[in-house]
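If you count the sequence shown from 1, position 52 lands on 77 in the working numbering, and the numbers rise without skipping.
The beta carbon of each residue, even a glycine, is placed where N, CA and C say it ideally should be.
None of the values given here were measured: they were computed from a predicted structure.
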Amino acid sequence: MTVKPPEIEKDTVYTYWESGEGMTCPLCGNSLTHEFNDGGREVITLKGSLWVVTNYYRCVNLDCELHEAFPVTHNSCIKRKRHSVEVWAKVIQHHFKYHLNYHQVAELIWDDWEISISESTVRNVCQYFEMAGLQYKNTEVRREITESGRIFLSLDGAQPIEGESALWIFTDRLTDNVLLARLLESAPAEVLYDIYQEIEEKFGVSIAAVISDKQKNILNSVKMLNPNIPHVYCQYHFLNHVIAPIAAKDSHLQTTLQKKIRSFSLVQKEPVGENTEKITKKSPVAEIFSPITKELKCAISAR
């Protein structure tokens, strides 16, 4: 039998069947009987560790679905998981809302609550959370993709920290649905090509166009899939690359154009004790965006 560790000072928590109708089966109305308990296990909460003893019950009706012993679970427990619901909530919040990586989440949980949690556990919690609503979401996404009849695939990889895996997001621009998100240590053309095939097989719809930053590996992967489909820049990367042909022919013209374009920027032209032709201290636009421009200027200077 499991023994409560001496370092857990809080009183043992027992779970019981609690109902206004007493020990009555909620499915068939027959009696419930207590069968056994699990001897107890440690559950790590934000307020310290608990020793939770879970009781099992069953219905006396042989034909009832509850005839096999079932547990009455404590409200902080997740089946076969060591950390409580509250700890899971913090992990999920830090990763998905504040976009911290697994290592950062583990460190923050320790700093804030002195709870030791490994990076692998953080990863498992996040993956478990992502899978929880996957079946419903997949059904809805499949329906929209099928009705559309084609996929305009947008893909991009982001590597927040050098040396770590990059998060690649694959989105259908026609329905604005995320089709796939995957962490890749590297993304050669062959790997991306396999993902394209996976997407087409998963949704039963062909990729009709691709939108990307046109990195060489992406260009090659699209050619492997279908060299005849349109492949264009996304708006952001188009604007980043549109100056390249001009720069190749006339670098002075490039400098002149860049200087002129920067003059339209609220951040660059935010007034510092002097009026400008475009934006002045008295300008309504400058007043509205003043708090933002000051913060951005601080961020730029500290970068």
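For residue j and residue i, the rounded distance between their alpha carbons
i: Leu-244; j: Ala-234; result: 12 Å
i: Glu-139; j: Gly-73; result: 9 Å
i: Leu-52; j: Thr-70; result: 32 Å
i: Leu-250; j: Val-203; result: 20 Å
i: Tyr-218; j: Val-247; result: 7 Å
i: Gly-229; j: His-277; result: 51 Å
i: Lys-35; j: Leu-91; result: 32 Å
i: Gln-240; j: Gln-222; result: 19 Å
i: Thr-200; j: Asp-238; result: 20 Å
i: Tyr-127; j: Glu-32; result: 28 Å
i: His-256; j: Ser-173; result: 19 Å
i: Gln-283; j: Ser-179; result: 28 Å
i: Ala-131; j: Arg-66; result: 23 Å
i: Lys-303; j: Lys-285; result: Any reading at Lys-303 needs caution, since the residue's pLDDT is 48, under 50, leaving its predicted position unreliable; the model's value is listed next. Whole-angstrom Cα-Cα distance: 11 Å.
i: Arg-167; j: Lys-227; result: 9 Å
i: Lys-29; j: Lys-122; result: 36 Å
i: Thr-104; j: Thr-37; result: Inspection of the sequence shows that residue 104 is occupied by Lys rather than by Thr. Between Lys-104 and Thr-37, the C-alpha separation is close to 18 Å.
i: Glu-165; j: Phe-154; result: 18 Å
i: Glu-43; j: His-124; result: 40 Å
i: Lys-106; j: Met-156; result: 16 Å
i: Phe-95; j: Pro-252; result: 57 Å
i: Glu-215; j: Glu-144; result: 29 Å
i: Asp-275; j: Asp-137; result: 56 Å
Other residues of its chain near residue i: CB distance less than 7 Å, five sequence neighbours each side excluded
i: Glu-213; result: Correcting the residue identity first, residue 213 is Pro in this sequence and not Glu. Excluding sequence neighbours, Pro-213 sits near Asn-242.
i: Gln-279; result: Ile-268, Ile-271 and Ala-272
i: Leu-205; result: Phe-195, Ile-220 and Ile-224
i: Met-48; result: Trp-42, Ser-56 and Leu-57
i: His-108; result: Ile-69 and Ile-142
i: Thr-281; result: none
Whether residue i touches residue j by CB criterion (8 Å)
i: Tyr-39; j: His-59; result: no
i: Arg-175; j: Ser-231; result: yes
i: Ile-236; j: Asp-197; result: no
i: Asn-55; j: Cys-89; result: yes
i: Cys-50; j: Val-77; result: no
i: Leu-133; j: His-120; result: no
i: Asp-68; j: Leu-75; result: For clarity, residue 68 is Val in the given sequence; the question names Asp instead. Contact: yes.
i: Ile-117; j: Cys-84; result: no
i: Phe-177; j: Ile-224; result: no
Extent of the continuous beta strand (DSSP E) to which residue i belongs
i: Ile-232; result: 232–237
i: Leu-244; result: Note, Leu-244: premise wrong, no beta strand (DSSP E); alpha helix (DSSP H) at 241–250.
i: Tyr-258; result: 256–258
i: Ile-194; result: 191–197
i: Arg-175; result: Counting along the chain, Arg-175 falls outside any beta strand (DSSP E), and DSSP gives it neither H nor E.
i: Asn-55; result: Run containing Asn-55: none; DSSP gives neither H nor E here.
i: Val-203; result: 202–209
Cut-off 8 Å between Cβ atoms - residues of its own chain near residue i, not counting five sequence neighbours on either side
i: Tyr-41; result: Asn-80 and Val-97
i: Asn-100; result: Val-110
i: Ala-269; result: none
i: Trp-135; result: Ser-141 and Ile-142
i: Asn-86; result: Cys-50, Cys-53, Asn-55 and His-92
i: Ser-190; result: Gln-184, Leu-208, Leu-209 and Glu-210
i: Tyr-258; result: Ile-236, Ser-237, Asp-238, Lys-239 and His-266
i: Ile-254; result: Ile-232, Ala-233, Ala-234, Val-235 and Val-247
Any non-hydrogen atom of the ligand SAH closer than 7 Å to residue i Cβ
i: Pro-213; result: Within the structure as shown, the ligand SAH is missing, as the structure has no ligands at all.
N- and C-terminal bounds of the alpha helix (DSSP H) containing residue i
i: Phe-228; result: 214–228
i: Ala-1; result: Since the first and last residues shown for the chain are 26 and 328, residue 1 lies out of range.
i: Ile-268; result: Unbroken run through Ile-268: none, as it is neither H nor E.
Neighbourhood of residue i by C-beta, 6 Å cutoff - its chain only, sequence neighbours within 5 removed
i: Trp-193; result: Gly-182, Arg-207 and Leu-209
i: Val-147; result: Val-116, Tyr-127, Val-130 and Ala-131
i: Trp-113; result: Val-150
i: Gly-45; result: none
**Study point:** Start-end ranges of the alpha helix (DSSP H) lying completely within the region 59–138, minimum 4 residues
**Key:** Here the runs fully enclosed are 110–117 and 127–138.
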